[in-house]
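In the numbering used here, the protein residues as written are 215 to 537.
Scroll down for the structure; my scribbles are underneath it.
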Amino acid sequence: MRLFRALPLLTTSLLAVALQFSDSHSTVSHAAERPNVLWLITEDMGPELGCYGTEQVWTPVLDDLARRGVRYSRAFTVTPVCSTSRSGFCTGMYPITIGAHQHRTNADQKQMLPDGVRPVTHWLQDAGYFTANITSMNGKKFGTGKTDWNFKFPGKPFQGDKWEELKQRQPFYAQINFSQSHRGWGAPAKADPAKVKLPPYYPDHPAARKDWAEYLDEITEVDGLIGRVLKQLEADGLAENTIIFMFGDHGRAHMRGKQWCYDSGLRIPMILYIPPTLTQPAGYEPGTVNENLTASIDITATTLALAGLKKPEKMQGQVFLGP
215 MRLFRALPLL TTSLLAVALQ FSDSHSTVSH AAERPNVLWL ITEDMGPELG
265 CYGTEQVWTP VLDDLARRGV RYSRAFTVTP VCSTSRSGFC TGMYPITIGA
315 HQHRTNADQK QMLPDGVRPV THWLQDAGYF TANITSMNGK KFGTGKTDWN
365 FKFPGKPFQG DKWEELKQRQ PFYAQINFSQ SHRGWGAPAK ADPAKVKLPP
415 YYPDHPAARK DWAEYLDEIT EVDGLIGRVL KQLEADGLAE NTIIFMFGDH
465 GRAHMRGKQW CYDSGLRIPM ILYIPPTLTQ PAGYEPGTVN ENLTASIDIT
515 ATTLALAGLK KPEKMQGQVF LGP
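In structure tokens:
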């Protein structure tokens, strides 16, 4: 009699295990069909690239990426300083709505994220993505690993930090942070201070010209580093299945720039490249300039959409590609 009473329980347990295995297998199967996503994030950098019309800066890699992808001419961050901006675009939320609007809030003052709000990496992990914040490539330091978030959160936002892990852990979401354009520049090496074109509201003074030339040289250096990333993608056979977002964390660290809510403090470079081997969503037209107003928190929502995920209900960023 006890045997017969146990049979329904055993059957239910086996069914639960089977369903769990089926769901897990389905997630893995669907994950294998999803594209990789790579965020290339530059610090303190406005849209002073060759493809944006800036003189005395050499950015052949990014100019070519823009030629093959889409360049956004009216892209802005939602705040003009590192930690608040990054807190926004990693969650797809306006920082003030999650209590992350004070720059580098002390650790004991940081708030937990509200229910339904998570770092973008958590949503992707649930969908089977491997998430990495790259700090090394080919055994050498590469990328800073900067997050600079003004909130507390449960769990690990990233599962790795080595480039070499990506090839074996697809689909992946990876981000690389470039700090060269952050202040701390060296003397100008390529840009000629006498030939640079200063913003019209800058004083035409040798000190201003030298400072601007130094800034442009650091952008040139960032371009070279991004070139190394793109070559490594090709070498590893990942280029045809990797979507690339290149953007700045906020505007340039110059007068009326960083920490100021002027265009020069909020406007950023933004380039999106989707390989022709992947489905091209509505609104993505390679080789064009998109003049629609775009916010950094929209990158988050669009990343999830391109990964085949529905935008979370509370996410404030908007999907700017697709139906």
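Backbone N, C-alpha and C define an ideal beta-carbon position, used for all residues, glycine too.
May I ask you to report which of helix, strand or coil DSSP gives I433? helix
Touching by the beta-carbon criterion (3+ pairs, under 8 Å), the stretch 252-272 and the stretch 467-483: yes
Under three-state DSSP, which class holds K424? helix
Report the option in A521, N504, Q530, L523 whose CA atom is closest to the CA atom of Y266. Nearest C-alpha to Y266: N504.
Considering only the beta carbon of each residue, do G357 and N347 sit closer than 9 Å? For G357 and N347, yes; Cβs fall inside 9 Å.
Put R533 into one of helix, strand or coil per three-state DSSP. Reading off the sequence, residue 533 comes out as Val, not Arg. Three-state result, V533: coil.
In the structure shown, what three-state DSSP assignment does R442 receive? helix
Classify F365 as helix, strand or coil using the three-state DSSP reduction. strand
Note down the Cα distance separating T491 from I457, rounded to an integer number of angstroms. Straight-line spacing of the CA atoms in T491 and I457 works out to 11 Å.
A519 - containing alpha helix (DSSP H), residue span: 510-520
Got a sec, what are the start and stop residues for the beta strand (DSSP E) T456 sits in? 456-462
Among the candidates W377, F290, K355, whose CA atom is the shortest distance from the CA of L252? Nearest option by C-alpha distance: W377.
With 16 as the cutoff for other CB atoms within 10 Å, does T493 come out buried or exposed? exposed
Start and end residues, alpha helix (DSSP H) containing L480: 477-480
Nearest to S297 (by Cα), restricted to the options Y308, F459, K409, F386: Y308
Between T291 and the rest of its own chain, which residues show a CB-CB distance below 6 Å, the 5 nearest in sequence each way excluded? Cβ contact annotation for T291 (same chain, cutoff 6 Å, sequence separation greater than five): S299, H464, L480, I482, S510, in chain order.
Using 8 Å as the Cβ pair cut-off and three pairs as the minimum, do the stretch 515-531 and the stretch 300-319 touch? Cβ pair count under 8 Å is three or more, so yes.
Sort out for me which residues DSSP pairs Y343 with in a bridge. BP columns for Y343 are empty, so no partner.
Ends of the beta strand (DSSP E) at R285? 284-286
Taking its Cβ as the centre, do 16 or more other Cβ atoms sit within 10 Å of E269, making it buried, or is it exposed? exposed
Less than 7 Å between C-beta atoms, sequence neighbours within five positions excluded: which residues of the same chain meet that for K324? N364, F365, K366
Buried or exposed for E432, please, with buried defined as at least 16 other CB atoms from any protein chain shown within 10 angstroms of its CB. buried
Quick one: is N250 buried, meaning 16 or more other Cβ sit within 10 Å of its Cβ, or exposed? Result: buried.
Coil, strand or helix - D375 by DSSP: Here D375 sits in strand by DSSP.
Could you give the residue range of the beta strand (DSSP E) that holds F386? 386-392
K354 bridges to which residues according to DSSP? M351
Simplified DSSP assignment, three categories, for T241: Residue placement at T241 cannot be trusted, given a pLDDT of 41 that sits under 50; what the coordinates show is reported in the next sentence. Reduced to three states, the DSSP call for T241 is helix.
With hydrogens ignored, establish whether the beta-carbon of L279 is closer than 8 Å to any heavy atom of the ligand SAM. Questions concerning the ligand SAM fall outside what the structure shown contains, since it holds no ligand whatsoever.
Rounded Cβ spacing between K355 and T349 (contact assumed at less than 8 Å): 7 Å
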